[in-house]
Amino acid sequence: MERYGEAVQFLVVYVREAHPVDGVLPERQTGTWLMGSPERKVLIEDPLTDEERRALARICEEDMRLGCPMVVDRIDDAVEQAYAAWPERLYLVDLDGTVLYKGGKGPMDFDPDELEAVLVEVVAFYGDEQAAPEAER
4 MERYGEAVQF LVVYVREAHP VDGVLPERQT GTWLMGSPER KVLIEDPLTD EERRALARIC
64 EEDMRLGCPM VVDRIDDAVE QAYAAWPERL YLVDLDGTVL YKGGKGPMDF DPDELEAVLV
124 EVVAFYGDEQ AAPEAER
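Note that the sequence shown covers residues 4 to 140 in my numbering.
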């Protein structure tokens, strides 16, 4: 992320839980799906309120240390539904809100390398030398 400097801003949008222990596939949720670092594992129950979802997002943010801001979709899942983002998906959106890249649904079609290739093209198109990755200069 840092290789793009100020030209690209990264953001994680925390959406609906993919594997809550009280979810739609409880037979597969035998209490072994744990979120968190090796030091702190958490059994995830599907949150019922915005506050509960924000609390789970804080755990995720602390444990994953992604290095970019995180925002949280409300419990009504409006952002997830608008972007078909569940369980995970990569997007590149310009300042006008135009979607320049929509990746496949994760985890099977989650392709950071594909997004990277599009980022290189977009940065080159806009001509921001500061934003181009070292390998592309």
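Positions of the beta carbon are idealized from the N, C-alpha and C atoms, including for glycine.
Since this is a predicted model, take the numbers as computed values, not measurements.
Whose C-alpha, out of the options, is nearest the C-alpha of residue i?
i           : options            : result
residue 21  : 8, 110, 101        : 110
residue 68  : 93, 15, 104        : 15
residue 50  : 75, 101, 123       : 75
residue 126 : 113, 108, 112, 103 : 103
residue 86  : 56, 55, 108, 6     : 108
Within this structure, are the beta carbons of residue i and residue j separated by less than 9 Å?
i           : j           : result
residue 115 : residue 95  : no
residue 122 : residue 11  : yes
residue 117 : residue 106 : yes
Ordered along the chain, which non-local residues of its own chain (more than five positions away) have a Cβ less than 6 Å from that of residue i?
i           : result
residue 128 : none
residue 77  : 53
residue 19  : 80, 83, 89
residue 97  : 103
What are the boundary residues of the beta strand (DSSP E) that residue i is part of?
i           : result
residue 129 : First-last for residue 129: 115–129, but that is the alpha helix (DSSP H), not the beta strand (DSSP E).
residue 82  : Careful: residue 82 lies outside any beta strand (DSSP E), inside the alpha helix (DSSP H) at 81–86.
residue 14  : Neither: residue 14 is in no beta strand (DSSP E) and is coded neither H nor E.
residue 105 : 102–105
residue 148 : There is no way to answer for residue 148, as the model of the chain reaches only from 4 to 140.
residue 93  : That residue, residue 93, is in no beta strand (DSSP E); it is neither H nor E in DSSP.
In the DSSP assignment, the alpha helix (DSSP H) including residue i goes from what residue to what residue?
i          : result
residue 59 : 53–67
Beta-carbon within less than 7 Å of residue i's beta-carbon, same chain only, minus the 5 sequence neighbours each way: which residues are those?
i          : result
residue 70 : 4
residue 91 : 109, 110, 113
Between residue i and the ligand COA, is the CB less than 8 Å from at least one heavy atom?
i          : result
residue 12 : Ligands displayed in this structure: none; no statement on the ligand COA is therefore possible.
I'd like the list of long-range same chain contacts for residue i, defined as Cβ closer than 8 Å, with 5 residues on each side in sequence excluded.
i          : result
residue 58 : 50
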